[in-house]
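First up is the structure itself, then whatever we jot down about it.
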Amino acid sequence: MRSLILNIHKRSWGSLAPVARKWIYAKTFKGEPTYENFRLEQEELPALKNGEFLAEAEYLSVDPYMRPYMMAYPEGTLMIGGQVGTVIDSKNPAFPTGSSIFGQFGWRTHTVCNPDELKADRPYVLPNFGSLPKSLALGVLGMPGNTAYFGLLEVCTPKAGETVAVSGAAGAVGSLVGQIAKIKGCRVVGIAGSDQKCQWLKGLGFDEVINYKTTPNIYVALKKAAPKGIDIYFDNVGGQTSEAVIKLMNLYGRVAVCGTISNYNSSIEKVTDPLRMMVFKQLKMEGFVVWRWNNRWMEGINANLQWIKEGKLKWHETVTDGFENTPAAFMDMMKGGNIGKAVVKL
Ligand SMILES: NC(=O)c1ccc[n+]([C@@H]2O[C@H](COP(=O)([O-])OP(=O)(O)OC[C@H]3O[C@@H](n4cnc5c(N)ncnc54)[C@H](OP(=O)(O)O)[C@@H]3O)[C@@H](O)[C@H]2O)c1
């Protein structure tokens, strides 16, 4: 399919327009996502006008936010999401043919875009990652990396010697949060959903790890892992895990609420009201969305890139091959099938 499109493209499109494949949100999510929620379609693309470029996707991102965010869209909408691609034709000098870009183009193979017409979510040419794969622009050198960087450093203000707990610890964001906390001299306790993930986190330098799926009592396990209590909680999951962590917070502790994936599939866990703990422990709890730091985007990417170069920040990707497998990659990630960042390679 890819070579077919390129051949058509080389003939200056002529009478044959290039065709994009795209995944459509076919049926409103109810509980866990299933194949029924998605439909594959094709779209003929128009010839380029001045200011536009044509991008061919190389990697697509599958992220937890897609589950709650898509609920706001009607059935028949293109699945949202970021992608890394190559500009294969251009009438915009800022996006020359051959450049590697990041764009919020959704789950589609080809996109015609006029960046100057976009108010938000503007695509950008990737900075030089050296020999690192460009797919990292969807992970450690992109949105999840910046979520970890700004969320931890700006919301939690970690100090050396403090104890940091992070849930969803073996995922795209969590695995970076723990490592950045280690860079800042903290003691780190990670909570993740398999022994394999916990072992990997130990290898990254996490001081203690807890498999929340097999531990008989997460509160007891946490108390043992954090004998001096918890100063900072970076929360990716919510629910009962967060209830246990918050009970162990120290006076003036900080909680960054990054995500609540335990309830994204509408399965709300009953937990004790955390507000009582917030009063007695005088906690600060702050929700955040990473776009808050849009105007400092490259600062986060450059900081994480520098730490990678210094060998202080490790990344891992779970790569699914094939555009046709994008829904499967998304569903697998939502069930915990990924270590590090889940991406799809086209
Ligand atoms: N606020 C923001 O701006 C922002 C930006 C990016 C991401 N986020 C949030 O950050 C969190 C992590 O995102 P990510 O991109 O790094 O995803 P991720 O952690 O790479 O992947 C999702 C992981 O969630 C875990 N999970 C699934 N169901 C769970 C449940 N019921 N209870 C506990 N854990 C569960 C699984 O790991 P286990 O095997 O450990 O269960 C799975 O691997 C999500 O909540 C996401 O929405 C927020």
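Our numbering numbers the first residue of the sequence shown as -16 and each following residue consecutively.
The beta-carbon is built from N, C-alpha and C at its ideal position, and this holds for glycine as well.
Comparing C-alpha positions only, which one of the options sits nearest to residue i?
i      : options                           : result
Lys372 : Ile322, Arg50, Thr303 and Asn321  : Nothing about residue 372 can be read from this structure; the chain reaches only from -16 to 329.
Asp218 : Tyr195, Lys180, Gly65 and Val149  : Val149
Ala239 : Asn287, Val156 and Lys167         : Val156
Asp178 : Glu26, Phe271, Lys165 and Thr198  : Thr198
Glu333 : Asn20, Cys241 and Val203          : With the chain covering -16 to 329 only, the question about residue 333 has no answer from this structure.
Asp315 : Ile7, Ala77 and Asp46             : Asp46
Ile166 : Lys324, Trp290, Pro310 and Pro16  : Trp290
Glu35  : Gly89, Thr17, His93 and Gly64     : His93
Leu119 : Ala311, Asn285 and Asp190         : Asn285
Val108 : Cys139, Gln66, Gly14 and Pro127   : Gln66
Leu258 : Leu288, Asn278 and Glu226         : Glu226
Ile229 : Gly242, Thr243 and Asp214         : Asp214
Glu145 : Asn233, Asn33 and Met54           : Asn233
Gly236 : Trp6, Met268 and Ile71            : Met268
Phe12  : Val326, Gly161, Met317 and Ala325 : Met317
Leu288 : Gly64, Leu205, Gly113 and Tyr18   : Gly113
Tyr195 : Lys211, Ile174, Ala208 and Leu31  : Ile174
Asn321 : Gly122, Asn200 and Thr243         : Gly122
Val95  : Ala38, Pro141, Gly188 and Ile163  : Ala38
Asn278 : Arg22, Phe306, Asp104 and Ile71   : Asp104
Glu282 : Thr255, Arg91, Gly125 and Ser158  : Gly125
Ile84  : Thr140, Trp6, Ala312 and Val70    : Val70
Kindly indicate the opening and closing residues of the beta strand (DSSP E) around residue i.
i      : result
Met268 : Lys267 to Gly270
Val149 : Thr146 to Ser150
Arg238 : Correcting the residue identity first, residue 238 is Val in this sequence and not Arg. Its beta strand (DSSP E) spans residues Met232 to Val240.
Arg170 : Arg170 to Ala175
Asp218 : Ile213 to Asp218
Val123 : Here Val123 belongs to no beta strand (DSSP E), and DSSP marks it neither H nor E.
Val192 : Glu191 to Asn194
Using only the heavy atoms of ligand 1, determine whether one of them is closer than 6 Å to the beta carbon of residue i.
i      : result
Tyr48  : yes
Thr130 : yes
Met268 : no
Met54  : no
Ser44  : no
Val192 : no
Ser245 : yes
Pro98  : no
Met334 : What the structure shows of the chain is the stretch from -16 to 329, and residue 334 is not part of that stretch, so it cannot be assessed.
Met316 : yes
Ala155 : yes
Pro310 : no
Val160 : no
Pro127 : yes
Asn285 : no
Ala103 : no
Gly186 : no
Gly176 : yes
Cys181 : no
Asn33  : no
Asn111 : no
Cys139 : no
Gly168 : no
Asn278 : no
Gly319 : yes
Val172 : no
Val220 : yes
Val67  : no
Val262 : no
Could you pull the start and end residues of the alpha helix (DSSP H) that residue i belongs to?
i      : result
Phe263 : Leu258 to Phe263
Glu282 : Trp280 to Lys292
Asp315 : Thr309 to Met317
Val160 : Gly157 to Ile166
Lys185 : Asp178 to Leu187
Ile251 : Run containing Ile251: none; DSSP gives neither H nor E here.
Leu244 : Note on identity: in this sequence residue 244 is Ile, with Leu being the wrong assignment. Counting along the chain, Ile244 falls outside any alpha helix (DSSP H), and DSSP gives it neither H nor E.
Met53  : It is not in any alpha helix (DSSP H) - Met53 carries neither H nor E in the DSSP assignment.
Tyr202 : Ile201 to Ala208
What does DSSP give as the partner residues of residue i in its beta bridges?
i      : result
Lys5   : Glu24 and Arg91
Lys324 : Glu300
Ala40  : Gly68
Cys96  : Phe36
Gly86  : Gln66
Ile229 : Paired residue(s): none; Ile229 is not in a bridge.
Gly154 : Gly323
Ser73  : Phe36
Thr60  : Tyr8
Val108 : Ile84
Should residue i be flagged as near chain C, meaning a C-beta pair shorter than 7 Å?
i     : result
Asn97 : The question asks about chain C, but that chain is absent: this structure has only one protein chain.
Three-pair Cβ contact test at 8 Å for the segment 130 to 137 versus the segment 37 to 44: Taking a contact to require three or more Cβ pairs closer than 8 Å, the segment 130 to 137 and the segment 37 to 44 do not qualify as touching.
Three CB pairs or more closer than 8 Å across the segment 250 to 264 and the segment 173 to 183: No, they do not touch.
Three-pair Cβ contact test at 8 Å for the segment 77 to 96 versus the segment 231 to 249: With a cut-off of 8 Å, the segment 231 to 249 and the segment 77 to 96 do not count as touching, because too few Cβ pairs lie within range.
Stretch-stretch touch, CB-based, cutoff 8 Å, three pairs: the segment 22 to 32 with the segment 289 to 304: Here the segment 22 to 32 makes no contact with the segment 289 to 304; the two share fewer than three CB pairs at distances below 8 Å.
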